[in-house]
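Notes follow the structure.
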Amino acid sequence: MNKILLVARREFLSRVQKKTFLLTTILLPLLIFVFYALIIYFSVKSGDNLHIAVADEANILDGNIHSKEDMNFELVKNQTAESLNTALENKKYDGYIFIPSTYELMGKDSLQLKSNKAIGIMTREKIQKSFNDILEEKRLLALHISKAQLDSIQNNANRIKFATVSGKTDDDNKAGVSYIVGYISGFLIYIILFIYGSMVMRGVMEEKVSRIAEVIISSVKPFQLMMGKITGIGAVGLVQFIIWIVLVFGLQLLLPLIFPDLLNQMHGQPIQPAGIQAAQAIKDNGGMTEIMRSFSQINFPLIIGCFIFYFLGGYLLYSSLFAAVGSAVNEDPQDAQSLMLPITMPIIFAIVIMTKAVNEPNSGLAVFGSLFPLTSPIVMMARIAHGIPDGVSLWELILSIVLLIAGFIATTWLAAKIYRTGILMYGKKPTWKEMWKWAVRKS
482 MNKILLVARR EFLSRVQKKT FLLTTILLPL LIFVFYALII YFSVKSGDNL HIAVADEANI
542 LDGNIHSKED MNFELVKNQT AESLNTALEN KKYDGYIFIP STYELMGKDS LQLKSNKAIG
602 IMTREKIQKS FNDILEEKRL LALHISKAQL DSIQNNANRI KFATVSGKTD DDNKAGVSYI
662 VGYISGFLIY IILFIYGSMV MRGVMEEKVS RIAEVIISSV KPFQLMMGKI TGIGAVGLVQ
722 FIIWIVLVFG LQLLLPLIFP DLLNQMHGQP IQPAGIQAAQ AIKDNGGMTE IMRSFSQINF
782 PLIIGCFIFY FLGGYLLYSS LFAAVGSAVN EDPQDAQSLM LPITMPIIFA IVIMTKAVNE
842 PNSGLAVFGS LFPLTSPIVM MARIAHGIPD GVSLWELILS IVLLIAGFIA TTWLAAKIYR
902 TGILMYGKKP TWKEMWKWAV RKS
């Protein structure tokens, strides 16, 4: 045990004391924040500001039209389709909508927007929504229904409220918060497994290629060397990850100061990422008080505890497999890439299941993914965010923990046997068949 700690201490200090560690630890959250802020800026602030002419031969707009957001509609008179085409070619307008005299407001005829350049799908949706709102208001007036009356009917419509059999309220706000928390937690573990698992593999490869491993093996057993390397790099990752979390969440608090009306501006976006949609759903169903009440319904101590366990369990399970691959390959990095495929496929499969589990935590696929040790670190975080027993039952959580521990022990045992042979083998191109022989070979 002392030798494992010595190796772990060496791995930890050799990485933490490098300038690159400090730079990546501090600069990466700053870069993420800058890119995130730029994405929000260009998504929310920027717009095409299209200038669209509307020729109303049917006079359904009563000589009046109002623009919406970045859609600038201009009502033009005494214009034909030919004259509008000429104006379009001269770039007087970005596009035009011609309403012929035969158009019926209550009919099923469709209108056409002509432009001299391609219009993106998001801009198309914005144009359709803006102009359809204008026509909808005219149709309501034609039926002697004011916009205020329609809004009153919609606001007073009875909504279906959700609750569990135990009597707990399961409103849209809580579902939205659970979605966001589960998705972020699962995605973070997904990133961790890739980054630090690959770091363990590269560290083993470097020592093998430089022949340092031969010297170290003379003093410690291969299993001790492998576990020390896994523990040391894992400690580096844990420290780095904690610093990242503090910085990233601290910087997130600056976003409301930079974009004070962020959610209001995003409300008009027709196509939004899943996380923004969930955040918008929270906003639509209440103000800040409702949001805080929804957060209070989330069992964060349980989520944090499970996150730490599944972070450590998933890292230890996959890092042992990455270490086994690193011990088997030689100088050619392509050998490592070919051997990594069976290891990375379950991680990719887990993130696919997670995208379903955040929406349907009790589906059969989500239950399987949260129990299977190779996918449970990612999928279970998506389910646990919905709580116990709403998202995951207690027996499923306990069984998942037991299976993950058993999976870690089994993979570490197999990886140690591969590591013991592979770390001292040179000049032979490894295959999974050959590595399996090393694993089942009796000591």
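FYI, the numbering for the sequence shown is 482 to 924, going by our numbering.
Ideal Cβ placement from N, Cα and C applies to all residues, glycine included.
Out of Glu687, Pro842, Met682, which has the shortest C-alpha to C-alpha gap to Ile859?
-> As a working note, residue 859 is residue 378 in the sequence shown. If we check each option's Cα against that of Ile859, Pro842 comes out closest.
Give a yes or no on contact between the segment 533-543 and the segment 553-563, applying the rule of three or more CB pairs nearer than 8 Å. yes
Between the segment 892-905 and the segment 868-879, can you find at least three pairs of beta-carbon atoms closer than 8 Å?
no
Ile580 bridges to which residues according to DSSP?
-> If you number the sequence shown from 1, residue 580 lands on position 99. Paired residue(s): Asp537.
Notebook entry, point to check: Does the segment 718-726 come within contact of the segment 501-515, defined as at least 3 CB pairs closer than 8 Å?
Noted result: yes
Checklist line | Leu820 vs Val806 beta-carbon contact at 7 Å | finding: On the sequence shown, residue 820 is found 339 positions in, with the first residue counted as 1. On the sequence shown, residue 806 is found 325 positions in, with the first residue counted as 1. Cβ atoms of Leu820 and Val806: closer than 7 Å.
query: Are Ala831 and Ala838 closer than 7 Å when you measure CB to CB?
result: In the sequence shown, counting from the first residue as 1, residue 831 sits at position 350. In the sequence shown, counting from the first residue as 1, residue 838 sits at position 357. Taking 7 Å as the Cβ cut-off, Ala831 and Ala838 do not qualify as a contacting pair.
In angstroms, rounded to a whole number, what distance separates the CA positions of Ser596 and Gly667? As a working note, residue 596 is residue 115 in the sequence shown. As a working note, residue 667 is residue 186 in the sequence shown. Approximately 44 Å, taken between the alpha carbons.
### Message
Distance check for Lys910 and Ser881, CA to CA, integer angstroms please.
### Response
Start at 1 with the first residue of the sequence shown, and residue 881 comes out as number 400. Start at 1 with the first residue of the sequence shown, and residue 910 comes out as number 429. Distance between the alpha carbons of Ser881 and Lys910 is about 37 Å.
Using only alpha-carbon positions, find the residue among Tyr664, Ser801, Ala536, Ala568 that is nearest to Tyr584. Taking the sequence shown and counting its residues from 1, the one referred to as residue 584 is at position 103. Nearest option by C-alpha distance: Ala536.
In whole angstroms, what is the alpha-carbon distance linking Phe675 and Glu606?
-> In the sequence shown, the residue the question calls residue 675 occupies position 194. In the sequence shown, the residue the question calls residue 606 occupies position 125. Answer to the nearest angstrom: the Cα atoms are 37 Å apart.
Contact defined as beta carbons within less than 8 Å: I believe Ile834 pairs with Ser659. What is the distance between those atoms, to the nearest angstrom?
Along the sequence shown, one-based indexing puts residue 834 at 353. Along the sequence shown, one-based indexing puts residue 659 at 178. With a Cβ gap of about 17 Å, Ile834 and Ser659 do not count as contacting.
Measuring only the C-alpha atoms, how far is Ser857 from Ser851? Residue 857 sits at position 376 when you count from the first residue of the sequence shown. Residue 851 sits at position 370 when you count from the first residue of the sequence shown. Each residue's Cα considered, the two are about 4 Å apart.
Ignoring anything shorter than 3 residues, give me the beta strand (DSSP E) runs that lie fully in the segment 688-732, in order along the chain. none
Query raised in the report: According to DSSP, is Asn613 helix, strand or coil?
Result: The residue given as residue 613 occupies position 132 in the sequence shown. Correct three-state label for Asn613: helix.
Q.
Mapping the DSSP letters down to three states, classify Val873 as helix, strand or coil.
A. Indexing the sequence shown from 1 puts residue 873 at position 392. If DSSP states are grouped into helix, strand and coil, Val873 belongs with coil.
(Q) Quick check on DSSP: helix, strand or coil for Phe853? (A) As a first step, residue 853 must be located in the sequence shown, where it is residue number 372. Correct three-state label for Phe853: coil.
- Query: Short check: CB of Lys710 to CB of Glu492, under 7 Å?
  - Reply: Locating residue 710 in the sequence shown gives position 229, counting from the first residue. Locating residue 492 in the sequence shown gives position 11, counting from the first residue. Yes, these two residues count as a Cβ contact at 7 Å.
**OP:** Please report the residue range of the beta strand (DSSP E) in which Glu555 lies.
**Re:** Counting from 1 along the sequence shown, the entry for residue 555 is found at position 74. 552-557 is the extent of the beta strand (DSSP E) around Glu555.
(message) Can you tell me where the alpha helix (DSSP H) holding Lys598 begins and where it ends?
(response) Mapped onto the sequence shown, residue 598 falls at position 117. Segment: none, Lys598 is in no alpha helix (DSSP H) and carries neither H nor E.
- Message: In the DSSP output, which residue or residues are listed as bridge partners for His547?
- Response: Here residue 547 refers to the residue found at position 66 when the sequence shown is read from its first residue. For His547, which the question treats as bridged, DSSP gives no partner whatsoever.
- Neighbour flag for Ile899 against chain B, beta carbons, 7 Å: Among the chains of the structure shown, chain B does not appear; only one protein chain is present.
*Less than 7 Å separating the beta-carbons of Ile670 and Gly795?*
As a position in the sequence shown, residue 670 is number 189, starting the count at 1. As a position in the sequence shown, residue 795 is number 314, starting the count at 1. Against a cut-off of 7 Å, the Cβ pair of Gly795 and Ile670 comes out as a contact.
**Asked** Pro827 to Pro854, Cα distance in whole Å?
**Response** Translated into positions along the sequence shown, residue 827 becomes position 346. Translated into positions along the sequence shown, residue 854 becomes position 373. Each residue's Cα considered, the two are about 10 Å apart.
- Message: Using the three-state DSSP reduction, which class does Leu531 fall into: helix, strand or coil?
- Response: To locate residue 531, count along the sequence shown from 1; it is residue 50. Residue state, collapsed to three classes: strand.
Note to self: To the nearest angstrom, how far is the alpha carbon of Thr893 from that of Gln705?
What the structure shows: Within the sequence shown, numbered from 1, the residue matching residue 893 stands at position 412. Within the sequence shown, numbered from 1, the residue matching residue 705 stands at position 224. Taking the straight line from one Cα to the other gives about 12 Å.
Spatial distance of Tyr799 from Leu487 (CA atoms):
Sequence index remark: in the sequence shown, residue 799 carries index 318 (1-based). Sequence index remark: in the sequence shown, residue 487 carries index 6 (1-based). Whole-angstrom Cα-Cα distance: 22 Å.
Next on the checklist: Could you tell me the alpha carbon to alpha carbon distance between Pro782 and Ile661, rounded to whole angstroms?
Outcome noted: Sequence index remark: in the sequence shown, residue 782 carries index 301 (1-based). Sequence index remark: in the sequence shown, residue 661 carries index 180 (1-based). Answer to the nearest angstrom: the Cα atoms are 16 Å apart.
Mapping the DSSP letters down to three states, classify Pro911 as helix, strand or coil.
For this step, residue 911 is matched to residue 430 along the sequence shown. Reduced to three states, the DSSP call for Pro911 is coil.
- Query: Rounded to the nearest angstrom, how far is the Cβ of Phe878 from that of Ile869, given a contact under 8 Å?
  - Reply: Looking up residue 878 in the sequence shown gives position 397. Looking up residue 869 in the sequence shown gives position 388. Per the sequence presented here, residue 878 reads as Leu, with Phe not at that position. 7 Å between Cβ atoms; contact.
Notebook entry, point to check: CB Val717 to CB Ala804, shorter than 7 Å?
Noted result: The count along the sequence shown starts at 1 and reaches residue 717 at position 236. The count along the sequence shown starts at 1 and reaches residue 804 at position 323. No, the pair does not count as a contact, with Cβ atoms beyond the cut-off.
message = Can you find the residues in the same chain that come closer than 6 Å, C-beta to C-beta, to Lys500, ignoring five residues on each side of it along the sequence?
response = Indexing the sequence shown from 1 puts residue 500 at position 19. Hits under 6 Å: none found.
Comparing alpha-carbon positions, which option in Glu563, Asn571, Leu624 lies nearest Ile578?
Within the sequence shown, the letter at position 97 stands for residue 578. Among Glu563, Asn571, Leu624, the Cα nearest to that of Ile578 belongs to Glu563.
Would Ala489 and Gly663 qualify as a contact pair, given that the criterion is a beta-carbon distance under 7 Å?
Along the sequence shown, one-based indexing puts residue 489 at 8. Along the sequence shown, one-based indexing puts residue 663 at 182. No, they are not a contact pair.
**Prompt:** Can you tell me whether DSSP reads Pro858 as helix, strand or coil?
**Reply:** Numbered from its first residue, the sequence shown carries residue 858 at position 377. The answer is helix: DSSP assigns Pro858 an H, G or I state.
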